[in-house]
Amino acid sequence: MPFYTRLGQIPKKRHTQFRRPDGLLYSEELFGTEGFSGPSSTMYHIHPPTQVYGWKTLYSTKAEYLEQDVMRMRHVKSAGMRPKGDPVDGRVVLFGNADCEMALCTPAKPMPYFYKNGQGDECLFIHFGTGTCSTMMGTLKFGPKDYIVIPKGVIYKLEFDRRTVAAAGEPTIEAVPYGKFLIVETANGSHIGPPPRYVSKDHGQFLEHAPYCERDLRLPQLPLAYDEGGAHEVRVKARNRMHSYTYHYHPLDIVGWDGCYYPYIFNIEDFAPITGKLHMPPPIHQTFEAHNFVICSFCPRMLDYHPQAIKVPYNHSNIDSDEVLYYVEGNFGSRKGIEVASLTAHPQGIPHGPHPGTIEASLPHERTGEMAVMCDTFRPLFPTKAALDLDDHKYPASWEGEHFPRLTAGELTIPATSRYVQNTGIPDLPGKHGLNSDSLNDHAGNGQAGSEQAKTGTANTWAPQESGKPPFNGKHAKAKAKPLKPRR
Numbered sequence: 067m068p069f070y071t072r073l074g075q076i077p078k079k080r081h082t083q084f085r086r087p088d089g090l091l092y093s094e095e096l097f098g099t100e101g102f103s104g105p106s107s108t109m110y111h112i113h114p115p116t117q118v119y120g121w122k123t124l125y126s127t128k129a130e131y132l133e134q135d136v137m138r139m140r141h142v143k144s145a146g147m148r149p150k151g152d153p154v155d156g157r158v159v160l161f162g163n164a165d166c167e168m169a170l171c172t173p174a175k176p177m178p179y180f181y182k183n184g185q186g187d188e189c190l191f192i193h194f195g196t197g198t199c200s201t202m203m204g205t206l207k208f209g210p211k212d213y214i215v216i217p218k219g220v221i222y223k224l225e226f227d228r229r230t231v232a233a234a235g236e237p238t239i240e241a242v243p244y245g246k247f248l249i250v251e252t253a254n255g256s257h258i259g260p261p262p263r264y265v266s267k268d269h270g271q272f273l274e275h276a277p278y279c280e281r282d283l284r285l286p287q288l289p290l291a292y293d294e295g296g297a298h299e300v301r302v303k304a305r306n307r308m309h310s311y312t313y314h315y316h317p318l319d320i321v322g323w324d325g326c327y328y329p330y331i332f333n334i335e336d337f338a339p340i341t342g343k344l345h346m347p348p349p350i351h352q353t354f355e356a357h358n359f360v361i362c363s364f365c366p367r368m369l370d371y372h373p374q375a376i377k378v379p380y381n382h383s384n385i386d387s388d389e390v391l392y393y394v395e396g397n398f399g400s401r402k403g404i405e406v407a408s409l410t411a412h413p414q415g416i417p418h419g420p421h422p423g424t425i426e427a428s429l430p431h432e433r434t435g436e437m438a439v440m441c442d443t444f445r446p447l448f449p450t451k452a453a454l455d456l457d458d459h460k461y462p463a464s465w466e467g468e469h470f471p472r473l474t475a476g477e478l479t480i481p482a483t484s485r486y487v488q489n490t491g492i493p494d495l496p497g498k499h500g501l502n503s504d505s506l507n508d509h510a511g512n513g514q515a516g517s518e519q520a521k522t523g524t525a526n527t528w529a530p531q532e533s534g535k536p537p538f539n540g541k542h543a544k545a546k547a548k549p550l551k552p553r554r
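Position 21, counted from 1, in the sequence shown is what our numbering calls 87; the numbers after and before it change by one each time, with no gaps.
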């Protein structure tokens, strides 16, 4: 984290004697990163943190990726995932690469052990459910729409409250007995944090243009230390395996700490969206980043306010990134057929954009209530078997169809001089000053050659007119455009 904080009891000077009430020394531990040249915290244990026993390897955590030679858009419908396991072993990896893993978890039972990820940072997004994340650095109360950022090496237990009531729009108790959350985990040893452009290089303070700041972060609180004996299991993810070892005392035994390396919570509702007169690019939604990937928050916001603004994202080719969106709530304006808890994957190399009809439908709106979490990666993301089992194979074809619904509905008239008329081979009709949906459908239904061309169209159908020629404004043009030969 970019700023210093402290919790509990610590001595006036580090690396000096700090004694327990019984006169014995607390055990100091430097909890550091990047070879102790990066962010770190200094912690004080009741017991030596080295006294563990019973090491054993439990199972492999290495994800198996399939269809690595297939490049297509995907829609993973996760709403039907059944509850499974606990908040750690119930995680189901859906996408990943050498830099990160994306997983979902709908736990079916509490976790009876403590857990430490020894190979990557974790960013958990709580979609449904409430509870407590008890960490060795303090307590974090969480609820819906909270991001919980847990740095590598932090011991914790994620304890969900059992749900008793399903509010309107929420899944049933049977489908989600405790909660549901998204996990984005680093796989390359990097750390998740705010984008550097949001933070002062000189002082580590959030800058004025950042969409959130220090006040929006919830840091660990008391209770902190537990002085209890007995056997306590801690599971550690490292080397693509889950390991188990045992403490003969409670692993959350730190009486105090200070530093810049600790877990925290940020609620997506506290993200202040950056809006503009015209549509803003996706980087304005960025919330966190690590090496080779970013995490973004799409939140309810005012839409673009230019009088002629297109309110949904333009077609785009992010040629250096793969993009996965997790849909949280609301109606995502540029998409059709997307459910709450759906994930869409759009790979680099293929353009994507608004679904047919969504551009026109968006124009009257001034605000959007959509909410989604996005992960963009600079290496291709690959699906697992779990993702393929939930994949909607019809999704790549969902961009087919009428992109101009007002034309089909007869609300829009195309002038007879339009290149759409000329390039599709549909002749000007006697007595008509323009072509509406009726005349288009009548002609297309005659079985003439022009009907097939009308289906395919051409790339320059809506290209700007040449200088001196009338614009395509939906009215009859006085000047007659030079005829173009139909494409064969």
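Beta carbons are placed, not taken as given, at the ideal position from N, Cα and C, and that holds for glycine. All figures in this text were calculated on a predicted structure; none of them were measured in a lab.
Terminal residues of the continuous beta strand (DSSP E) containing residue i?
i	result
S428	It is not in any beta strand (DSSP E) - S428 instead sits in the alpha helix (DSSP H) that spans 424-428.
A452	Careful: A452 lies outside any beta strand (DSSP E), inside the alpha helix (DSSP H) at 451-455.
F359	359-364
N163	It is not in any beta strand (DSSP E) - N163 carries neither H nor E in the DSSP assignment.
T205	204-208
E405	Note, E405: premise wrong, no beta strand (DSSP E); not H, not E.
K223	221-226
E188	188-194
M177	Looking at the DSSP string, M177 is not in any beta strand (DSSP E), and its letter there is neither H nor E.
T201	197-201
Give the straight-line distance between the Cα atoms of residue i and residue j, rounded to the nearest whole angstrom.
i	j	result
F538	A169	Bear in mind that the predicted position of F538 carries a pLDDT of just 38, short of 50, making it unreliable; the figure below should be weighed with that in mind. So the two alpha carbons sit approximately 48 Å from each other.
H298	M177	13 Å
Y311	K182	11 Å
N254	Q352	20 Å
Y292	I221	13 Å
R86	T127	39 Å
M48	G423	This structure gives no information on residue 48, because the portion of the chain shown stretches from 67 to 554.
T96	Y70	As written in the sequence, residue 96 is Leu, which differs from the Thr given in the question. Cα-Cα distance, rounded: 15 Å.
L91	I320	13 Å
A234	F337	24 Å
I76	N381	55 Å
F84	W323	12 Å
C362	E355	9 Å
F272	A463	43 Å
Y371	M346	11 Å
I239	L248	18 Å
S103	V231	48 Å
G98	Y264	23 Å
A427	A145	26 Å
K175	T450	24 Å
Thinking C-alpha only, which one of the options is nearest residue i?
i	options	result
G415	S387, R433, E395, M437	S387
G197	Y315, I331, D324, P417	I331
Y313	K211, T410, Y119, F191	Y119
T116	Y461, Q287, H316	H316
G219	K211, D268, R445, F180	F180
S266	Y393, R307, E280, R367	E280
A276	S408, P339, N381, M137	P339
E143	A304, I214, Y392, R433	A quick correction: the sequence has Lys, not Glu, at residue 143. For K143, the nearest C-alpha among the options comes from Y392.
P430	P373, P449, L456	P373
R157	I214, L447, L73, T172	T172
L409	A129, D227, K343, D458	D458
D155	D135, Y125, G184, E133	Y125
Specify the secondary structure class of residue i as computed by DSSP and reduced to three states.
i	result
E274	coil
A234	coil
I350	helix
E395	strand
T71	strand
N436	Sequence inspection shows Glu at residue 436; the Asn mentioned does not correspond to that position. If DSSP states are grouped into helix, strand and coil, E436 belongs with coil.
I112	coil
A463	helix
I216	strand
R125	With the sequence shown as reference, residue 125 is identified as Tyr, and Arg is not the correct amino acid for it. DSSP places Y125 in strand when its eight states are reduced to three.
E294	coil
S505	Annotation note: pLDDT 39 at S505 (below 50); position unreliable, no value reported.
R281	helix
F102	helix
D388	strand
D442	strand
Y244	coil
I334	helix
G146	helix
F84	coil
Give the C-beta separation of residue i and residue j to the nearest angstrom, bearing in mind that I take them to be a contact with Cβ-Cβ under 8 Å.
i	j	result
M139	H412	5 Å
V250	C189	5 Å
H257	D187	5 Å
K246	G162	Not quite, the Cβ-Cβ distance comes to about 19 Å (not below 8 Å), so this is no contact.
A438	V394	6 Å
F359	D165	5 Å
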